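Heads up, the thing below is written out as structure tokens.
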Ligand SMILES: [Zn+2]
Ligand SMILES: [Zn+2]
């Protein structure tokens with residue numbers, strides 16, 4: 244029987260085999276869209292059941308070289324919505340709010356985009 248670590252390694256090999264034809268899953272500018280950026284790595288996040296604290300699945304977002312660099316740059320903060328898969332980069336020196344120090348990735352259960360969609364939906368009904 245495979246233990247968890249071997250499982251992880253195995254999943255990673257499978258995932259990387261599929262990486263060749265993937266493009267970046269994070270937000271880029273309209274002039275330079277994500278589909279122009281080949282993925283070179285994955286950003287992984289365990290998505291769990293909040294009540295039990297158990298991990299249900301691992302989210303794997305293909306990311307490009309630029310995004311890998313931005314993720315290790317403390318000037319950039321990434322917001323990622325688990326509901327609609329929209330992402331948003333925040334440039335720390337220009338951020339309106341004060342964020343704690345360090346490299347930050349925020350995993351949101353709902354983002355302004357989701358709320359807007361909900362609003363529209365409610366108005367139409
Ligand atoms: Zn990217
Ligand atoms: Zn969203």
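Numbering (our numbering), first residue to last: 244 to 368.
The C-beta atom is built at its ideal place from N, Cα and C for all residues, glycine as well.
Everything numeric in this text was worked out from a predicted model, so none of it was measured.
Query	Result
C-beta contact flag for residue 301 and residue 292 at 9 Å	no
Where the alpha helix (DSSP H) through residue 312 begins and ends	308-314
Ligand 1 heavy atom lying under 8 Å from the CB of residue 306	yes
Test item: CB-CB of residue 310 and residue 286 under 9 Å	yes
Residue span of the beta strand (DSSP E) that contains residue 323, given as start and end	319-324
Distance, residue 354 Cα to residue 312 Cα	24 Å
Closest residue to residue 332 among 279, 321, 340 and 341 (Cα-Cα distance)	321
Length of the line joining the Cα atoms of residue 245 and residue 256	Note that residue 245 scores a pLDDT of 48, beneath 50, so its modelled location is shaky; the value from the coordinates is reported in the next line. Computed Cα separation, rounded: 15 Å.
Lining residues of ligand 2 - beta-carbon closer than 7 Å to any non-hydrogen atom, in sequence order	324, 326, 327, 329, 351, 353, 354, 356 and 357
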